[in-house]
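Enquirer:
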Amino acid sequence: SEAEALLRWVGVEKPLIQPARDPRFGEVTSTSAFALAKSLRRDPRKIAEEFAAKIDLSNARLINSVVAVDGYLNFKVDWQRYSEEILKTVIGQGEDYGKSNIGLGKKIIIEHTSVNPNKALHVGHARNVCLGDTLYRLFSFLGYDVVVLNYIDDSGTQMADVILGFKELGYPLEPPDGARFDAYCGDTVYVEVSRRIEEDPLLAEKRRRIAKLIEERDDEYYRLNREIVEKVLKEQLKTCWRLGARYHILNMESDILSYDLWSEVFKKLIRVGAVYKAESGQKAGCWLLNLSGHPVLGREGDEILVKSDGSTTYVARDIAYGAWKLGDTSRDFKYKVWMRDPWSGEILITDVKGDIEKPLGEAEKVINVIDIRQKRPQEVVRYALELMGLKSDKYIHFGYEVVALSIKDAVKIGYEPEPGQEFVHMSGRRGLYVKTDTLLDMLKEKIKLEVREKHPGWSEEKVEEVSEKIAVGALRYSLIKPDTDKMIILDADEMLKLEGDTGPYLQYSYARACRILEKTTREYSTKAPVELVEEEKQLLRRIAYFPEVVEDVGESLLIKTLPNYAYMLASDFSRFYEKVPVLHVDDVELRKFRVAEVLAFKIVLGNVLRLIGVQPVEEM
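Its first residue numbered 58, the sequence shown is counted upward by one per residue in the numbering used here.
(1) Hey, how far is the Cα of W400 from the Cα of A302?
(2) Ordered along the chain, which non-local residues of its own chain (more than five positions away) have a Cβ less than 6 Å from that of V204?
(3) Beta-carbon separation of V394 and L383 under 8 Å?
(4) Can you tell me which of L656, W66, R439 and S365 puts its alpha carbon nearest to the alpha carbon of A110?
(5) Tell me the DSSP bridge mates of P76?
(6) Roughly how many angstroms lie between the CA atoms of L307 and E70, to the nearest whole one?
(7) How big is the Cα-Cα spacing for E231 and E522?
(8) Would you mind reading off the limits of the beta strand (DSSP E) that contains N131?
(9) Taking the alpha carbon of A568 as the point to measure from, which residue in K519, P673 and G611 has its own alpha carbon closest?
(10) Which word fits V329, buried or exposed, when buried means at least 16 other C-beta atoms lie within 10 angstroms of its C-beta?
(11) Could you give the distance in angstroms between the alpha-carbon of S87 and the alpha-carbon of A125?
(12) Report the CB separation of G379 from Y452 in whole angstroms; it is logged as a contact under 8 Å.
(13) Among E436, R388 and A240, which residue has its Cα nearest to the Cα of E414?
(14) For M445, report the span of its alpha helix (DSSP H) as first-last.
(15) Name the residue from L536, K501 and D275 whose alpha carbon lies nearest to the alpha carbon of K519.
(16) Please look up how many angstroms separate the CB atoms of L462 and F480, rounded, as I've assumed it's under 8 Å.
(17) Between the C-alpha atoms of N116 and V665, what's the straight-line distance to the nearest angstrom?
(18) Using only CA atoms, which one of V491, A657 and E321 lies nearest to H182?
(19) Can you tell me whether W66 is helix, strand or coil according to DSSP?
(20) So, with DSSP's three-state summary, where would you put W395?
(21) Do you know offhand how far K176's Cα is from I285's?
(22) Is I453 helix, strand or coil by DSSP?
(23) CA-CA distance, A373 and S311?
(24) Tell me, please, which residues DSSP counts as bridged to M552.
(25) From L141 to G200, what does the alpha carbon distance come to, in whole angstroms?
(26) What does a CB cutoff of less than 7 Å around R264 pick up in its chain, not counting 5 residues either side in sequence?
(27) Any contact between the segment 338-351 and the segment 428-445? By contact I mean 3 or more CB pairs, one from each, below 8 Å.
(28) Counting only runs that start and end within the segment 605-645, where is the alpha helix (DSSP H) found for 4 or more residues in a row?
(29) Determine the burial state of P258: buried for a count of at least 16 other Cβ atoms within 10 Å of its Cβ, exposed for fewer.
(30) Does A461 come out as helix, strand or coil in the three-state DSSP assignment?
(31) Quick one: what's got a C-beta closer than 6 Å to N425's C-beta in the same chain, skipping five residues either side?
(32) Below 8 Å, how does it come out for the segment 149-157 and the segment 649-668: are there three or more Cβ pairs, yes or no?
(33) What does the Cβ neighbour count give for T578, buried or exposed, with the cut at 16 atoms within 10 Å?
(34) On the criterion of 16 or more Cβ atoms from any shown chain inside 10 Å, does I209 qualify as buried, or is it exposed?
(35) Going straight from the alpha carbon of I600 to that of R533, what length do you get?
(36) Check whether the Cβ atoms of V180 and Q293 lie closer than 8 Å to each other.
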């Protein structure tokens with residue numbers, strides 16, 4: 058930026074620039090004097106005053122004054138030139154505005170979704186999908202090579218439950234008419250078998266036997282298990298695609314186990330002295346990870362990795378899998394092309410007989426989107442990788458809180474609440490969950506009624522298309538806008554409001570801009586008037602922040618910053634729309650300039666909406 062260039066010219070090697078908190082003080086502020094004050098042991102106010110006196114503005118195009126105030130350097134701009142620069146840049150770059158090559162030549166691995174393949178996705182899973190997919194969109198926008206993984210736990214007891222139902226308890230392999238296979242497995246087979254196991258200890262023993270046969274890749278049971286897993290997975294992916302999520306690689310746990318990554322990782326842990334075998338007490342015969350060097354985990358006791366019977370724990374398997382993600386295992390998985398997604402992208406799936414090798418190589422970051430209930434196990438994994446000498450700061454647990462449903466919406470889909478209950482938590486084993494598709498369909502039907510009433514001339518196909526976009530946008534926005542450490546209680550009525558902080562409000566703002574542009578000849582000009590009103594300045598100011606906002610989120614991973622920015626941008630446009638006439642202006646050049654402002658807003662809002670997976674809508 059010009060402010061950074063001016064500071065470098067007076068000797069500041071690493072200028073610190075940020076948007077000014079109050080426009081009265083200027084457009085950007087530098088805190089460089091404070092940073093230098095520590096090393097120079099001088100008063101930051103004096104340093105700032107010296108810089109302000111030295112800065113030469115004779116060759117500056119945009120900045121027309123620099124003032125030192127209490128150690129801060131405040132830069133003011135020539136708004137006529139600045140607004141022209143913003144509009145030329147945004148309109149010239151279009152959908153590329155805000156993109157960056159900061160990630161060029163670097164790889165990021167993101168693993169998300171990872172739902173057990175025995176049920177349909179519920180709205181808690183949808184939060185995982187939407188957060189993970191937003192990270193994928195963000196880092197792709199920043200120029201990184203992003204690989205999205207989906208870990209499929211196809212060998213645990215939850216799959217043994219389903220196989221027990223089909224193989225031993227007579228449940229038909231075909232779902233009832235009209236039912237999806239994932240919903241049938243989760244709502245009927247899994248729930249009912251779980252209940253019967255609680256009542257009959259013999260069934261629990263049969264389940265253990267089946268789980269062992271699957272893990273040992275017994276021909277009959279393993280083949281049936283794989284068939285069911287893939288059928289469920291195809292249905293789950295339909296839901297994920299409906300939410301706009303993309304995947305590149307599906308890693309099946311049963312295949313990963315066959316590569317025995319753990320043996321190699323276990324030897325490394327022994328070699329560096331990170332594990333020991335307990336000789337006495339309740340954990341005698343177990344191998345444990347020594348956590349005494351960890352400031353928090355050490356207080357809670359060491360972690361069992363290998364049980365006394367020789368079997369590994371989930372955490373042990375996650376450590377081995379984490380080492381693979383960081384490129385520290387000698388063995389790699391083989392794949393086959395399983396299917397194509399709706400965008401014609403290939404999806405690979407692990408297959409021990411596969412003919413495709415795809416080493417991930419070294420990644421800048423490995424981001425694991427997993428709910429906060431797994432905070433401790435994930436930190437154990439990260440610490441184990443650190444003890445192995447790996448760059449564990451690359452291994453990131455992106456945690457998030459769970460999702461519940463408001464009582465009134467739960468009742469609408471058949472749930473009977475307890476007295477005094479305020480919201481409904483999800484539980485797959487008890488069958489207490491709201492499927493993502495069920496909620497989307499409920500939202501969509503509600504929207505369709507309003508759309509048909511507002512646009513009686515629309516074809517049913519158009520009503521369907523627009524209503525789907527609004528329903529998905531409403532849900533995605535509701536799932537990513539809160540702090541990730543806050544539980545979400547979803548409420549359909551709140552999600553669909555056209556006023557306030559909602560997805561439909563943003564889509565409505567986009568449609569409003571489209572409507573204004575349709576009423577013009579689409580002629581625009583970036584030549585600015587001498588004076589701009591405050592609402593114009595604020596809109597342009599917000600538009601100019603966008604590239605910096607995107608880069609900041611790439612650094613901080615604070616996803617909520619993107620929906621928050623989108624809402625503030627739409628709010629600024631709303632004030633602009635109310636106070637600044639666009640179509641009814643006699644001055645032709647001024648009208649063309651304001652058309653350019655609306656066009657720039659439409660471009661930037663469209664870009665940020667696509668980043669968060671909310672599809673822009675041209676008519677509502």
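Every residue, glycine too, gets a C-beta built ideally from N, C-alpha and C.
Expert: Walking through what the data contain:
(1) 10 Å
(2) I166 and H305
(3) no
(4) W66
(5) Bridge pairing for P76: V85 [DSSP].
(6) 46 Å
(7) Our two residues, E231 and E522, have alpha carbons roughly 31 Å apart in a direct line.
(8) Y129 to V134
(9) If we check each option's Cα against that of A568, P673 comes out closest.
(10) exposed
(11) 10 Å
(12) 6 Å
(13) R388
(14) Neither: M445 is in no alpha helix (DSSP H) and is coded neither H nor E.
(15) K501
(16) 6 Å
(17) 34 Å
(18) V491
(19) helix
(20) strand
(21) 11 Å
(22) strand
(23) If you take the alpha carbons of A373 and S311, they lie about 15 Å apart.
(24) Bridge partners of M552: none, in fact.
(25) In the sequence as displayed, the identity of residue 141 is Glu instead of Leu. Their backbone Cα atoms lie some 27 Å apart in a straight line.
(26) Excluding residues within five positions, the ones whose Cβ falls inside 7 Å are T214, A217, D218, L221 and I254.
(27) yes
(28) Correct list: 618-636.
(29) exposed
(30) In the three-state DSSP reduction, A461 falls in the strand class (E or B).
(31) E168 and H454
(32) yes
(33) With fewer than 16 other Cβ atoms within 10 Å, it is exposed.
(34) buried
(35) 23 Å
(36) no
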